[in-house]
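*Asks:*
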Amino acid sequence: MVKNNSKPIEIDQLQNLIGLIATERDREAFSRLFEHYAPLLKSYSLAKEPGAYLVADELVQEVLIKVWNKAHLYDASKANPNTWIFTLARNCRIDYLRRNGRYASEVTSEEIFDQIEDEQSGPFEQTLQKKAAMQIHSELKKLPETQSQVLRKVYMEGKTQQEAAAELCLPLGTVKSRIRLALQKLEIVIRGNEK
Amino acid sequence: MMSSNMIKYHPHADRLTAFSAGSLPFNQALCISAHVQHCAQCRQDLKRLNHVGSELFSELPTSSVSDTLKERVMAQLDSQPETEAPDSGISKSGPSDVPRCLQPLIPNGLEGLPWKRLSPSIYAAKLCNDVDGSKVEMLRIKPGGQVAPHNHTGEEVTLVLQGSFSDNSGVYNKGDIIYRNKEDKHHQPIASQDAECICLTSVQAPIQFTGFFARLFNPFIRRSHYAS
Ligand SMILES: [Zn+2]
Chain A
1 MVKNNSKPIE IDQLQNLIGL IATERDREAF SRLFEHYAPL LKSYSLAKEP
51 GAYLVADELV QEVLIKVWNK AHLYDASKAN PNTWIFTLAR NCRIDYLRRN
101 GRYASEVTSE EIFDQIEDEQ SGPFEQTLQK KAAMQIHSEL KKLPETQSQV
151 LRKVYMEGKT QQEAAAELCL PLGTVKSRIR LALQKLEIVI RGNEK
Chain B
196 MMSSNMIKYH PHADRLTAFS AGSLPFNQAL CISAHVQHCA QCRQDLKRLN
246 HVGSELFSEL PTSSVSDTLK ERVMAQLDSQ PETEAPDSGI SKSGPSDVPR
296 CLQPLIPNGL EGLPWKRLSP SIYAAKLCND VDGSKVEMLR IKPGGQVAPH
346 NHTGEEVTLV LQGSFSDNSG VYNKGDIIYR NKEDKHHQPI ASQDAECICL
396 TSVQAPIQFT GFFARLFNPF IRRSHYAS
């Protein structure tokens with residue numbers, strides 16, 4: 001079994017490992033990154049399709065091969081390693097579902113997300129983003145369970161708001177308002193001006 | 196990136212959240228992606244939202260991974276290309292009037308779409324159908340052209356790509372994203388007088404037309420959801 005490392009790897013260590021893969025094609029670094037992320041990736045993909053073990057392995061494999069191939073594109077000033085891996089995993093999961101008929105279109109997740117996420121922020125915005133990341137890190141744990149449960153359904157299980165509402169036996173409006181309350185507490189300021 | 200000074204209408208926080216989570220229906224994700232390309236505010240919000248995904252991800256309970264999976268992945272490293280060319284992102288430019296996420300669907304630019312005339316002032320071109328029955332299309336409304344009054348049985352998302360239009364609740368310019376559902380009665384968009392209006396629209400389920408003439412036109416309208 002791949003060990004679920006008992007001592008947590010720090011963010012900057014993870015960054016170094018990605019750097020070593022990028023510059024040295026370092027397999028030892030890749031191996032350590034595999035041990036850290038594969039157990040998380042497997043949970044992430046299992047969360048969507050319960051019992052689909054083969055799918056989970058496939059997704060773990062696909063994401064980590066992407067890490068090997070894209071390590072030189074990783075930019076620590078734009079995203080910490082967890083955020084980078086999360087977006088890779090999210091995109092792989094979307095494309096997996098597309099290939100398997102849930103969505104019908106030639107557009108890939110990269111075309112939907114990349115141009116948005118690749119944008120280089122200025123130093124001021126980078127500082128704001130770092131502060132926001134710290135705020136989210138510390139406040140997420142303090143959210144009431146009713147709010148974090150909805151966020152987990154949407155982010156980790158990939159449920160639509162309607163699906164989350166049905167599973168939790170809640171009106172859709174309640175799911176939406178829990179998400180909005182959570183975002184307020186996390187200080188993710190969104191000026192919703194939807195019409 | 197285009198200026199976002201003019202943008203007044205953004206997706207609500209919970210929709211942007213679902214977009215960041217990757218759990219939004221595909222047709223809606225397309226519309227938000229095209230909006231976000233024009234909108235610096237939403238791009239910043241989205242980066243914050245990705246941190247939420249990142250934190251939840253790193254807190255997941257771990258699952259056990261077999262050694263054979265690790266061996267399989269390690270063995271594949273040899274057969275990978277040396278390094279991928281630096282990301283082509285921006286250099287891979289398609290037609291400049293088309294948002295990046297729509298380029299695979301509009302390879303020859305807006306002019307190259309198979310526009311179908313629905314009325315003297317409205318043309319539509321279908322981009323894709325999703326397996327859930329939703330439909331994404333482009334609408335082209337001549338200056339001053341009017342879309343028949345209609346109610347919505349399903350949710351409709353509209354993103355203005357060029358020009359502007361108005362309805363009884365506001366004026367919408369380039370980059371604005373507008374959501375309409377069954378509570379919005381007799382929604383009747385009109386393009387501004389000075390320019391043609393081009394919109395991306397996605398409809399969850401067929402719209403019910405309410406006007407008498409619209410009903411007469413119904414079999415004809417069914418090809419698109421809009422006409423006048
Ligand atoms: Zn916006």
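As given, the protein sequences belong to chains A and B, one line each in that order. Going by our numbering, the first residue of the first sequence is number 1, and it counts up by one from there. Going by our numbering, the first residue of the second sequence is number 196, and it counts up by one from there. C-beta: ideal position from N, C-alpha, C; glycine also.
Is H246(B) near ligand 1 - that is, is its Cβ less than 7 Å away from at least one heavy atom of it?
*Replies:* no
*Asks:* Are the C-beta atoms of D12(A) and some chain E residue less than 8 Å apart?
*Replies:* This model lacks chain E altogether; the protein chains it does include are A and B.
*Asks:* Identify the continuous alpha helix (DSSP H) that holds Y155(A) and give its terminal residues.
*Replies:* E145 to Y155
*Asks:* State yes or no: is the C-beta of S234(B) nearer than 7 Å to some heavy atom of ligand 1?
*Replies:* Residue 234(B) is actually Cys in this sequence, not Ser. The answer is yes for C234(B).
*Asks:* Quick check: M333(B) and I385(B), are their CB atoms within less than 8 Å of each other?
*Replies:* no
*Asks:* What is the DSSP secondary structure of R335(B), counted as helix, strand or coil?
*Replies:* Note: R335(B) maps to strand in three-state DSSP.
*Asks:* May I ask which residues mark the beginning and end of the beta strand (DSSP E) holding G397(B)?
*Replies:* Here residue 397(B) turns out to be Ser, not Gly, going by the sequence shown. Element bounds for S397(B): C392 to V398.
*Asks:* Can you tell which of P294(B), T396(B) and E391(B) has its C-alpha closest to the C-alpha of I372(B)?
*Replies:* T396(B)
*Asks:* Apply the 10 Å Cβ neighbour rule to T212(B) and answer buried if 16 or more other Cβ atoms are within range, or exposed otherwise.
*Replies:* buried
*Asks:* Where does C92(A) fall in DSSP's three states?
*Replies:* Note: C92(A) maps to helix in three-state DSSP.
*Asks:* Could you give the DSSP three-state label for T353(B): helix, strand or coil?
*Replies:* strand
*Asks:* Residues of chain B with CB closer than 8 Å to the CB of K130(A), please, in chain order.
*Replies:* Those do not exist, as K130(A) stays about 10 Å from chain B at its closest Cβ, beyond 8 Å.
*Asks:* Per DSSP, D362(B) is paired with what?
*Replies:* G365(B)
*Asks:* Look at the alpha carbon of E306(B) and the alpha carbon of V398(B), and state the distance between them as a whole number of angstroms.
*Replies:* 23 Å
*Asks:* Which of helix, strand or coil does DSSP assign to C428(B)?
*Replies:* With chain B running from 196 to 423 in the structure shown, residue 428(B) is simply not present.
*Asks:* Could you tell me whether any Cβ in chain B is nearer than 8 Å to the Cβ of K159(A)?
*Replies:* So yes, K159(A) belongs to the interface.
*Asks:* Could you check the C-alpha separation between S228(B) and I9(A) for me, to the nearest Å?
*Replies:* 34 Å
*Asks:* Specify the secondary structure class of K311(B) as computed by DSSP and reduced to three states.
*Replies:* strand
*Asks:* Checking the sheet assignment: what are the DSSP bridge partners for K330(B)?
*Replies:* Per DSSP, N324(B) and V398(B).
*Asks:* Any heavy atom of ligand 1 closer than 7 Å to the CB of I202(B)?
*Replies:* yes
*Asks:* Which residues in chain B have a C-beta closer than 9 Å to the C-beta of P171(A)? List them in chain order.
*Replies:* Ordered by position in chain B, no residue passes the 9 Å Cβ test against P171(A), which lies about 13 Å from the chain.
*Asks:* Between H230(B) and ligand 1, is the CB less than 7 Å from at least one heavy atom?
*Replies:* yes
*Asks:* Anything in chain A within Cβ reach of N376(B), meaning under 7 Å, just list it in chain order.
*Replies:* Near N376(B) there are no residues of chain A at all, since even the closest Cβ is about 11 Å away, more than 7 Å.
*Asks:* Specify the secondary structure class of I202(B) as computed by DSSP and reduced to three states.
*Replies:* coil
*Asks:* From S364(B) to D379(B), what distance separates their C-alpha atoms?
*Replies:* 10 Å
*Asks:* CB of H207(B) to nearest heavy atom of ligand 1: below 7 Å?
*Replies:* no
*Asks:* Measuring alpha carbon to alpha carbon, tell me which residue in K321(B), P344(B) and V268(B) is nearest E31(A).
*Replies:* Glu is not the amino acid found at residue 31(A); the sequence shown has Ser there. The option with the nearest alpha carbon to S31(A) is V268(B).
*Asks:* According to DSSP, simplified to helix, strand and coil, what is Q275(B)?
*Replies:* coil
*Asks:* Would you give the residue range spanned by the beta strand (DSSP E) that I373(B) belongs to?
*Replies:* Residues I372 to R375.
*Asks:* Thinking C-beta only, is T87(A) closer than 8 Å to E62(A)?
*Replies:* no
*Asks:* Among K42(A), E58(A) and L181(A), which has the Cα closest to the Cα of K142(A)?
*Replies:* L181(A)
*Asks:* Closest to Q232(B) by CA distance: which of M156(A), P144(A) and D114(A) is it?
*Replies:* D114(A)
*Asks:* With DSSP collapsed to three states, give me the class of Q298(B).
*Replies:* coil
*Asks:* List, in chain order, every chain B residue whose beta-carbon is nearer than 7 Å to that of F34(A).
*Replies:* K265 and V268
*Asks:* Hey, quick one: how far does the alpha helix (DSSP H) through Q383(B) stretch, first residue to last?
*Replies:* Premise fails: Q383(B) is in no alpha helix (DSSP H) and is neither H nor E.
*Asks:* Would you check if the stretch 34-48 of chain A and the stretch 251-269 of chain B touch, i.e. whether three or more CB-CB distances between them fall below 8 Å?
*Replies:* Verdict: yes, contact present.
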